[in-house]
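Comments concern the structure below.
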Amino acid sequence: MDEMEMSINLKAIRLAWVYSVLFLLVWIGYDWIKMGAFNGIAFILMTSQEVIYWTVQLFLKWKLGKDEE
Numbered sequence: 008m009d010e011m012e013m014s015i016n017l018k019a020i021r022l023a024w025v026y027s028v029l030f031l032l033v034w035i036g037y038d039w040i041k042m043g044a045f046n047g048i049a050f051i052l053m054t055s056q057e058v059i060y061w062t063v064q065l066f067l068k069w070k071l072g073k074d075e076e
């Protein structure tokens with residue numbers, strides 16, 4: 008896979024991630040406002056997705072920084 012193809016794939020993955028986070032956020036807000044209920048499953052999906060994303064990002068930055076030394 009060349010650099011351009013990798014860049015395109017990363018942008019597509021990032022946009023898909025943003026879409027799913029926004030979709031889950033709207034779903035949680037809709038349930039909260041219209042039904043007066045908290046959607047626990049959507050909240051768990053959204054927060055676990057965020058935690059995994061930031062954890063992997065921090066780990067990879069740490070690992071790449073460690074390799075440069």
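Numbering-wise, the sequence shown is residues 8 to 76 according to this note's numbering. All residues carry an ideal CB built from backbone N, CA and C; glycine is no exception.
By how many angstroms is the C-alpha of Val33 removed from the C-alpha of Val58?
19 Å
On the criterion of 16 or more Cβ atoms from any shown chain inside 10 Å, does Leu67 qualify as buried, or is it exposed?
exposed
In angstroms, rounded to a whole number, what distance separates the CA positions of Asn16 and Asp74?
25 Å
When DSSP labels each residue in this structure, what does Phe45 get in the three-state scheme?
coil
Proximity to Ala49 [Cα-Cα], best of Leu31, Ser55, Leu65, Gly43
Leu31
DSSP three-state assignment for Asp9, whether helix, strand or coil:
coil
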